[in-house]
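K.L.:
UniProt numbering puts the first residue of the sequence shown at 1, with every later residue one more than the last.
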Amino acid sequence: MIEKKTTAYEKAVLIGVINKEQNEEKVKEYLDELEFLTYTAGGEVYKRFVQKVDVPNPKTLIGSGKMEEVEAYVEENKIGSVIFDDELTPGQQRNIEKQLRCKIIDRTSLILDIFAQRAQTSYARTQVELAQYQYLLPRLTGLWTHLERQKGGIGMRGPGETEIETDRRIVRDRITLLKKKLLKIDKQMETQRGNRGALVRVALVGYTNVGKSTLMNVISKSAVFAENKLFATLDTTVRKVVLGNLPFLLSDTVGFIRKLPTQLVESFKSTLDEVREADLLLHVVDISHANFEEHIDSVQKILSEIKSSDKKTIMVFNKIDQYEHETIDEDDLITEKTSKHFTITEWKQTWMQKVGDRALFISALNKENLDEFRKRVYDEVRDIHVTRFPYNNFLYPEHLDEY
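1) How many angstroms separate the CA atom of Lys20 from the CA atom of Val386?
2) Pull up the DSSP beta-bridge partners for Gly91, would you.
3) Would you report the Cα separation of Thr108 and Lys59, rounded to the nearest angstrom?
4) Less than 7 Å between C-beta atoms, sequence neighbours within five positions excluded: which residues of the same chain meet that for His399?
5) Does DSSP classify Ser288 as helix, strand or coil?
6) Return the Cβ separation of Glu10 and Glu44 in integer angstroms, given the expectation that the two are a contact with Cβ distance under 8 Å.
7) Please return the same chain residues whose Cβ sits closer than 6 Å to the Cβ of Glu148, not counting the five positions on each side in sequence.
8) With DSSP as the reference, identify every bridge partner of Met315, one or two as the case may be.
9) Identify the continuous alpha helix (DSSP H) that holds Leu365 and give its terminal residues.
10) Provide the residue(s) that pair with Ile18 in DSSP beta bridges, ordered along the chain.
11) Here's the rule I'm using: 16 or more other beta-carbon atoms within 10 Å means buried, otherwise exposed. How should residue 470 be labelled?
12) Do Phe389 and Leu360 count as a contact pair if the criterion is CB distance below 8 Å?
13) For Leu182 and Ser64, what's the separation of their Cα atoms in angstroms?
14) Alpha carbon to alpha carbon, what distance is there between Phe49 and Arg239?
15) Is Leu177 buried or exposed, if buried means 16 or more other CB atoms sit within 10 Å of its CB?
16) Let me know if Ile170 comes out buried or exposed under the rule of 16 or more other beta-carbons within 10 Å of its beta-carbon.
17) Compare the Cα-Cα distances from Gln93 to each of Ile104, Ile83, Asp85 and Lys187 and report the closest residue.
18) CB-CB under 8 Å to Val53, same chain, minus the five flanking residues each way: which ones, in chain order?
19) What does a CB cutoff of less than 6 Å around Ile257 pick up in its chain, not counting 5 residues either side in sequence?
20) Considering only C-alpha positions, which residue in the set Ala41, Tyr133 and Phe373 is nearest to Met216?
21) Could you tell me the distance, in whole angstroms, from the CA atom of Leu136 to the CA atom of Ile175?
22) Is Trp144 buried or exposed, if buried means 16 or more other CB atoms sit within 10 Å of its CB?
23) Mind checking which residues open and close the alpha helix (DSSP H) that includes Asp252?
24) So, with DSSP's three-state summary, where would you put Thr343?
25) If you pair each beta-carbon of the region 364 to 378 with each one of the region 303 to 310, do three or more pairs fall below 8 Å?
26) What is the DSSP secondary structure of Phe256, reduced to helix, strand or coil?
27) Assign Glu324 to one of two classes, buried (16 or more other C-beta atoms within 10 Å of its C-beta) or exposed (fewer than that).
28) Is the beta carbon of Lys179 less than 8 Å from the beta carbon of Leu140?
29) Around the Cβ of Ser363, are there at least 16 other Cβ atoms within 10 angstroms (buried) or fewer (exposed)?
30) Check each candidate in Val381, Asp297 and Ser288 and name the one with the smallest Cα separation from Gly244.
31) Taking all protein chains shown into account, do 16 or more other C-beta atoms lie within 10 angstroms of the C-beta of Ile344, making it buried, or fewer, making it exposed?
32) What is the DSSP secondary structure of Asp106, reduced to helix, strand or coil?
33) In the DSSP output, which residue or residues are listed as bridge partners for Asn57?
34) If you follow the alpha helix (DSSP H) that Lys212 is part of, which residue opens it and which one closes it?
35) Taking Arg125 as part of the beta strand (DSSP E), name the residues at either end of that continuous run.
36) Once you ignore the five residues that flank Asp113 on each side, which residues in its own chain have a CB closer than 7 Å to its CB?
Laid out in structure tokens, this is it:
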């Protein structure tokens, strides 16, 4: 089910839809993210198609005229995959495949493919496989058209079971088996977490590709895989970290993304147990991204879903070395100043001052402001530790020279 091997870059086109819920600017932003997802999966985007659709076409999502335009481009440039930003129904996928005669992928399918490539441990592979089967189940129709019935002939006539029914039963059985396997692994993971003792647990959370693994490597002096691609981390990594003379556990979790497939949220809820059981969350944000505020909302939404939004959180704005703000000329009296024109100093005076009892601004890659970051984490962990073990208070003085 899971294929880990990636081929050479595959030609792809992207299709986005402007509607009441998403305007042109929003669609452009979603398609930028989809292009990055395509690149991460091993594809190269040749063209984007966008159409304003008030009521989606039940057969092909986009209108017939736009479909013909896409079909002509696909044939002319020998495109291998057409990727839709919105989730397609099984019927729409079949209809579009029939017309375009190439691979049709939606955002959910693309994210599942990336997860399949990234899954390393048995646990992650099981979770991805479960999500893939749940996605595949309603889309089995039409995959098997070469046999009408399994058996025929004298003595074998009757209602019987069509091959598609057999396949559905096999997939359902596989889903049940994988769910049981995940329950078993969950118990093992719970035992592992229980064996870690009463150490304070700190978890890195945030949108995908914001620098969580890079920050993990800097703090814990470990070598967690970090790459400028989406979902570089899939398996949760836990490391013991000592700041000053205070030990605690730091875990690096899977990144979140907008429009995250429901199958993945369900199957990866167990992975996010590290977040649920953490005493302190470090919410890492890529401040250099134009829409980092929306990323924060997406992460908060998923944290609410896993009942972790009320945990003590430190907001960490990363990649300050890459942050660039728009400027207004001195003689420009028309352009209104917005948040796009804010410098880092001006951002610090906004809502960021109040969030998480004062946010931190760092660059994990260039190791900027890391002393302030370490001191803040040390103070927070120390407070939790002293609350848990009041008799150990004398071990950890208020101020340490080194962190």
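Ideal Cβ placement from N, Cα and C applies to all residues, glycine included.
Since we're looking at a predicted model, the values are computed, not measured.
P.N.:
This is what the structure holds:
1) 52 Å
2) Answer is none; Gly91 lacks a bridge partner.
3) 19 Å
4) At His399, the pLDDT of 49 sits below 50, so the modelled position is not reliable and the matter cannot be decided from this model.
5) coil
6) 7 Å
7) Unreliable positioning characterises Glu148 in this predicted model, as indicated by a pLDDT of 47, which lies under 50. A coordinate reading is not provided.
8) Its beta-bridge partners are His283.
9) Per DSSP, Leu365 belongs to no alpha helix (DSSP H) and is neither H nor E.
10) Partner residues in the beta bridge of Ile18, as assigned by DSSP, are Lys52.
11) Because residue 470 is not part of the residues shown, which for the chain are 1 to 403, the question remains open.
12) Going by beta carbons, Leu360 and Phe389 fall outside the 8 Å limit.
13) One C-alpha to the other measures close to 44 Å.
14) 45 Å
15) exposed
16) exposed
17) Restricting attention to Ile104, Ile83, Asp85 and Lys187, the CA atom closest to the CA of Gln93 is found in Ile104.
18) Val17, Ile18, Asn19, Leu61, Ile62 and Gly63
19) Here the set comprises Thr208.
20) Phe373
21) 11 Å
22) Note on Trp144: pLDDT 48, under 50, position unreliable in the model; the coordinate value appears next. Label assigned to Trp144: exposed.
23) Residue range Leu246 to Asp252 is occupied by the beta strand (DSSP E) that includes Asp252, with no alpha helix (DSSP H) assigned at that position.
24) coil
25) no
26) strand
27) exposed
28) no
29) buried
30) Val381
31) exposed
32) Looking at Asp106 - three-state DSSP - the assignment turns out to be strand.
33) Leu61
34) Lys212 to Ser220
35) Arg125 -> not in any beta strand (DSSP E); alpha helix (DSSP H) instead, spanning Ser122 to Leu136.
36) Cβ within range, chain order: Ala41.
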